[in-house]
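Residue numbers (this note's numbering), protein chains in the order written: chain A, 731 to 1072; chain B, 731 to 1072; chain C, 344 to 731; chain D, 344 to 731.
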Amino acid sequence: MSTAVKKEHRSARPERGGPATMVEAIRQGIWEEMERDPTVFVIGEDVGAFGGAFKVTDGLIDEFGKERVIDTPISEGAIVGAACGAALMGMRPVAEFQFIDFISAGFDLLTNYAAKCRYRWGAGIPAVFRGPCGSGVRSGPFHSLNAEAFFLNTAGLKIVEPSTAYDAKGLIKAAIRDPDPVLYFEHKKLYRLPRLREDLPADDYIVEIGKAKVVREGRDLTIITFGAMVLTALDAAEELEKEGLDVEVIDLRTLAPLDKATILASVKKTSRVIILHEASRTGGIGGEIAALLSEEAFEWLDAPIIRLASIDTPVPYSPPLEDYYLPQTKDVVSAARKLAAY
Amino acid sequence: MSTAVKKEHRSARPERGGPATMVEAIRQGIWEEMERDPTVFVIGEDVGAFGGAFKVTDGLIDEFGKERVIDTPISEGAIVGAACGAALMGMRPVAEFQFIDFISAGFDLLTNYAAKCRYRWGAGIPAVFRGPCGSGVRSGPFHSLNAEAFFLNTAGLKIVEPSTAYDAKGLIKAAIRDPDPVLYFEHKKLYRLPRLREDLPADDYIVEIGKAKVVREGRDLTIITFGAMVLTALDAAEELEKEGLDVEVIDLRTLAPLDKATILASVKKTSRVIILHEASRTGGIGGEIAALLSEEAFEWLDAPIIRLASIDTPVPYSPPLEDYYLPQTKDVVSAARKLAAY
Amino acid sequence: MAEQPTKTSRKSEQGAHAKRRDRPPGPRFEMRISTKYAPHEPSEGKPLTCTDETSLKPDQLLELYRYLKLTRLVEERLVNLYRQTKVVGGVFRSLGQEATAVGTAYALQPGDFITPLIRDLGAVLVKGIRPRDIFAQYMAKAWGPSGGRDLNIHFGDMGKGFIGPISHLGDMIPVMTGILIGARMQKKEIVAVAYIGDGGMSTGAFHEGLNFAAVQRLPLLVIAEYNHFAYSTPTSLQTACRDLAEKAAGYGIPSHIVDGNDVVACYEVTKHAADYARRGGGAVLIEAKTYRRKGHAEHDDQRYVAPDEIEWWEKHNDPVDRFEKYLLEKNVAKQDKLDEIVSEVTRAIEEDCAWAESSPLPEGEKAAYGVFDNSIVPPAFRPPVLEK
Amino acid sequence: MAEQPTKTSRKSEQGAHAKRRDRPPGPRFEMRISTKYAPHEPSEGKPLTCTDETSLKPDQLLELYRYLKLTRLVEERLVNLYRQTKVVGGVFRSLGQEATAVGTAYALQPGDFITPLIRDLGAVLVKGIRPRDIFAQYMAKAWGPSGGRDLNIHFGDMGKGFIGPISHLGDMIPVMTGILIGARMQKKEIVAVAYIGDGGMSTGAFHEGLNFAAVQRLPLLVIAEYNHFAYSTPTSLQTACRDLAEKAAGYGIPSHIVDGNDVVACYEVTKHAADYARRGGGAVLIEAKTYRRKGHAEHDDQRYVAPDEIEWWEKHNDPVDRFEKYLLEKNVAKQDKLDEIVSEVTRAIEEDCAWAESSPLPEGEKAAYGVFDNSIVPPAFRPPVLEK
Ligand SMILES: Cc1ncc(C[n+]2csc(CCOP(=O)(O)OP(=O)(O)O)c2C)c(N)n1
Ligand SMILES: Cc1ncc(C[n+]2csc(CCOP(=O)(O)OP(=O)(O)O)c2C)c(N)n1
Ligand SMILES: [Mg+2]
Ligand SMILES: [Mg+2]
């Protein structure tokens, strides 16, 4: 290790609560959990001395030492496997993928080992697997992934993705305390977005896994979404309000298991629904939600269920291409307008 | 290689056409393509001297030699990667996963390299990735996978799964000739099922990728399914016929891209639909189909879209557990009955 | 063999560039392979037995014998059940290679962990898993440790230091690395043993897991079983190395080659490596040379095997025969003592087998429980909207 | 170093067990690492230049010089564009390690293939990719070889033997193995070079790909770039080996250690290895010792680097400086000739850069084309049912 020789640098302990961006909120959450529970530890590439590619784990190694903040080789399989093993020993690993795109190299161990262990012989794997996801930041086909759909068909994995600093902190804490494996996706576009900066409570709190949130109430139409698209949905809703359209927006927050109650209640109220997500449309989580609605809210629907999502291509790099790839606020506005008129 | 010393064994060239089980049909297809096109070759674990765990490639090494029938180390990543590289060179690899469960170890290269190459720089990857999938044969959590849902959200991969010997041969040939990567799933329960034995034409034929098939016409209700569940659906339809219910059964055959025209035409006719698949329900391909219908056939639907699938658990080993896990004919009959009465 | 743990990092001899940074420890260009217990040629007329150099007491030797016999007889019983179609899945034999699993596992302490391969039943038994659990698992019974959810040795017992594998080869290596990371934070001075085949070493997971353990100097012992086959594939198509032990060099760790059919040698080598690892030396690779006399599973016709090969190994190099000869020659026991052990083992197996047979199959609805902590999943085939 | 290809399989010395089967070739327990061109200590007062032993002609040496300069200056131009916010993504420098990419790639023949890392721009240029393509890619322009779909060197040109990497480290090793499998069936006698970092070697894909190539005796040259870092991670946390070359032993292949900042040495070693591989010797690992003077990308503050380290390398071990000294000392050229090359290169770069800047960005709708052969995907944000 180069600790002995590295340039003087030590990041201070973050505040408990106070104004925080999303990245600060996640860091607070991990930090507090590591203080609270000695079994919590961090593992991943460059998470130690460097504090992680996005600085989520900045400062932790100075505080907790390199036994609890482990810089690994470039081995996503080993990261997942080692997290599983440590979890079996009663530890609570928080494993980072430098970009969520690299989760594909840990896919085997996640879907076969982490997901199935409890079912097979009762051994829970209380591990968190987290990392930056999402497109819209000109990072091209290999640093822009939204990975949730890879994992929806594998029983045994919980999946969360926050869209606010408050939820980010509450969900990372809930994920760490959860007795089962949780995939925790962080949209990199939101990490430092000033719009998301908010005052966090100083007290310990969690946001329960499995609970969606109605982030905007409305009567005419429901937009079901999560992650960075929550902002797109809210922007669209605001614009539509000017036209007299009252849009409800649901932030799923947990992608598996889905909060059916909240989703169904909203759609039964509005009878019109747009599902909005950032991953490509085909095979995305939108299908699962549409299926839920077309079965369990069938009688309440007054119009087709609309999925708005990215086009069915890899994520292109060049701004005009990526902008075309991603659903934009104007696309949501236009679809909502037509859906309301349907 | 142990060729020099191995026990005398040489499998004869299969007939062209004639009566064939599904496994024979696939072997015929690969064999004929290898004869027709010197760029076609086979690669995988134990595919050579042993002829593959299920004997799909039996005899090929004696005919085509070990340069075109390559026994690999236990390295699914290398199998996928090497297939991609050879395909870039203009070859047409047919890569085998010994069980489709092990595709998880090739997931990274499949979703990142094979799927995205053409889009990124125009280089097509004409490779086939095949292997035995499916549950219902008491093989437990790691030899029973239905993997299609892993890949539906990755643009650039085609997916097929036959349910008859005729289609198996026609689809493997079409997959080999396709200019893009094709995942070809073979339900192991169907390989040698006497019920599927049929006379194949002696002439060269293909089954076009992207085309579903109405395997039973009916007016009252559509069951959309594929693979081994086609038999379950047909059995259910037969039983329901006795009750006067006229069920249409669609065998998707191609899972990506979906044959929307055939699906929509049927549902617009019957207005009631059951989607039936073997993988767990949540996050399965059923969601995608339900989403398609709830958007594009909304006006024609007279009842909720019903998904019947396995429960959201790993595939358990013990017969009573696996029987409970899988949707049975009686479950389909009962759901169809109620749906018709809805 | 340079096997003393060197905690201090070594001076570089490589020029100014290298001096600019710390270098990991380890000598340059030296393969640290010990062959002290490697297989040797049987001398004319004198059949193979086991190594002389051992610290094992007579009692322990007899216990080893018991485990060898237990392993073989449990497997024979399983084949029996298989023929009676009472086993639901396949049966995978370790016939002819039992000494590797038994000897290596016997060198461990109670708190130590193992993760076996399907052919390491012997190690599972040594770690204290009862034959009844094995029988119940194979027959997919409710009383089995996975309640019929998974097969053969796919289960675990944290208390006994047993972590069953999953099918995906290689994946258990990083998992064991994690076990040791956990143990290190808990200040437990344990070692972990992971078994891997000549085939399984070709997986990426093996590489990532062992490399990470080596970098972290974790006390992971990898037992590489050179049994000549991976399913039908000869080892020469898995690796261009002659010996699996050579792979240790790529991880900067020492290795041993041991005669995998000499149960005493397997014990000694593992004991030595475990001591080294426990003292802080880090990971060690042990290659056991053995031979898989049965097919991959019971259904395999072994068409790919050279004609007289199996017979040679059966006749000249059976691990149980070798150890029996050894015990008798060394006067550790007389034949009647050995016979007595076999009868005891046979009785125990019958009892356990009967117990397992008397278990019911699980009830179907049990499939719905426990994906998550305390969870029950709804039946997917009974759509709520139709049930109203 | 035992480097002659041995096609016949060797007799085993290992006892009856081993005799029962063929064994792969290769000596036992010997690390076949050549250090002929390894870095050496600069002697007092005498600064480092390049190796004397070379078959390169003066013209070739000057061409090498041109590529070295071209690489450095293209990168400097990219940093410029980056500061002007004309580069859309990040800029990754090979400053201080250009000789490795240039020297190794220069040893190849036209039909040979490479797959570079992001820091092997030099190799890309040597294979004939024009700077204009690089500039257009970085600026995400329509005229770039991926039409703005992918970034930096993420594209390919089969005709030039250039296969661009994807981000996922390690994945290109099996892909190159496949290139060679294809070439073998096509009776093409080519070699392929895959570049990999000290970090990337920790991936499972690297292991699987190289192991497979080694077993198949494919002419794959892996250039392992020991540049001391993987992002912020020092090599000592990637591997417990001291030298990356040691990893070759685990694949049963020979390896070389070369001074990666000596462009002539890089050429010679690769030439030697390529000849060996082409003759049927199989895969070879070449470790190039070098140093990454810039951060992982332009935004990296390098807080993890020892204080005077970068300065040392800049002052004493810059590959361009070393080669310049060499050319002048050996009288291959006078300073004005070198200056002339630099001016020519600078002009060429400006021209290419201007061309790339003049390219439009792609039109948005172009995103919809070509996922499959001749395919167009429908706009997901315009639901057909609402458009009626
Ligand atoms: C990742 C993976 N790929 C393929 C398989 C299928 N498979 C099961 S056992 C086996 C051969 C294993 O050989 P080896 O590792 O030498 O162990 P042995 O059976 O000889 O004990 C194979 C290929 C698997 N289990 N896992
Ligand atoms: C599989 C994978 N995991 C993580 C990353 C993120 N990443 C990009 S570059 C890098 C460091 C690479 O280091 P090295 O292989 O030594 O190459 P160098 O940058 O030194 O040339 C990392 C971790 C990646 N690209 N691929
Ligand atoms: Mg083996
Ligand atoms: Mg590096």
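Beta carbons: idealized from backbone N, C-alpha and C, even for Gly.
Counting along the chain, no alpha helix (DSSP H) covers B/ARG946; the unbroken beta strand (DSSP E) around it starts and ends at 943–946.
Secondary structure at C/HIS511: coil, using DSSP grouped into helix, strand and coil. Restricting attention to D/ARG462, D/ILE477, D/LYS709, D/ARG492, the CA atom closest to the CA of D/TYR538 is found in D/ARG462. Assigned with DSSP and collapsed to three states, B/THR751 falls in coil, not helix or strand. The Cβ of A/ARG946 sits no closer than 7 Å to any Cβ of chain D. Residues of the stretch 834–849 of chain B whose Cβ lies closer than 9 Å to any Cβ of chain D, in chain order: ALA835, ASP838, LEU839, ASN842, TYR843, ALA845, LYS846, CYS847, ARG848, TYR849. Here the alpha carbon of D/ARG426 sits roughly 21 Å from the alpha carbon of D/ALA485. B/ALA885 and A/PRO1044 do touch by the CB rule: their CB atoms are close to 6 Å apart, below 8 Å. What A/GLU1026 touches in chain C, judged by beta-carbon distance under 8 Å, is PRO727, VAL728, going in chain order. Of all alpha-carbon atoms in C/ALA583, C/LEU553, C/HIS571, C/PRO517, the one lying nearest the alpha-carbon of C/SER598 is that of C/LEU553. What D/PRO453 touches in chain B, judged by beta-carbon distance under 9 Å, is nothing: the nearest beta carbon there is about 16 Å away. At least one C-beta of chain B is nearer than 7 Å to the C-beta of A/ALA1020. Within the model, the alpha-carbon separation for D/GLN678 versus D/LEU670 is close to 9 Å.
According to the DSSP secondary-structure assignment, C/GLY625 is paired through a beta bridge with no residue. Residues of the stretch 538–549 of chain C that bring their beta carbon within less than 8 Å of a beta carbon in chain D comprise SER545, THR546, GLY547, ALA548, PHE549, in sequence order. Checking the 6 Å criterion, the Cβ of A/ALA783 is out of range of every heavy atom belonging to ligand 4. By the neighbour-count criterion, in which 16 or more other beta carbons inside 10 Å mark a residue as buried, D/HIS497 falls on the buried side.
DSSP, reduced to helix, strand and coil, places B/ASP801 within a strand of the structure shown. Under DSSP, B/VAL979 shares a beta bridge with B/ARG946, B/ILE953. In the three-state scheme derived from DSSP, where H, G and I count as helix and E and B as strand, C/PHE505 is classed as strand. C-alpha of A/GLN1058 to C-alpha of D/ALA710: approximately 15 Å in a straight line. For C/GLN480, there are no C-beta contacts with chain A under 9 Å, since the nearest C-beta of that chain is about 10 Å from it.
By the criterion of at least three beta-carbon pairs nearer than 8 Å, the stretch 538–549 of chain C is in contact with the stretch 582–591 of chain C.
Think of a sphere of 9 Å around the beta carbon of B/ASP1053: no beta carbon from chain A falls inside it, the nearest being about 17 Å out. Under the Cβ criterion of 7 Å, B/ASP801 is counted among the residues facing chain C.
Not a single C-beta of chain A is nearer than 7 Å to the C-beta of B/SER1040.
Residue burial annotation: D/ILE719 is exposed, with fewer than 16 other C-beta atoms found within 10 angstroms of its C-beta. Per DSSP, the continuous beta strand (DSSP E) segment holding C/ILE566 begins and ends at 563–569. For D/VAL558, the C-beta contacts it makes with chain C under 8 Å involve SER579, LEU580, GLN581, THR582, ALA583, in order along the chain. Residue range 401–426 is occupied by the alpha helix (DSSP H) that includes D/ARG426.
Nearest in C-alpha terms to C/VAL536, of all of C/ASP500, C/THR613, C/ALA723, is C/THR613. Between the C-alpha atoms of C/ARG420 and C/GLU693 there is a straight-line separation of about 9 Å. With fewer than 16 neighbouring CB atoms inside 10 Å of its own CB, D/ASN674 falls in the exposed class. Between A/GLY1016 and A/ILE1005, the gap from beta carbon to beta carbon is short of 7 Å. Beta-bridge annotation (DSSP): B/ARG822 is paired with B/VAL770. In the DSSP assignment, A/LEU1006 falls within the unbroken beta strand (DSSP E) covering 1003–1010.
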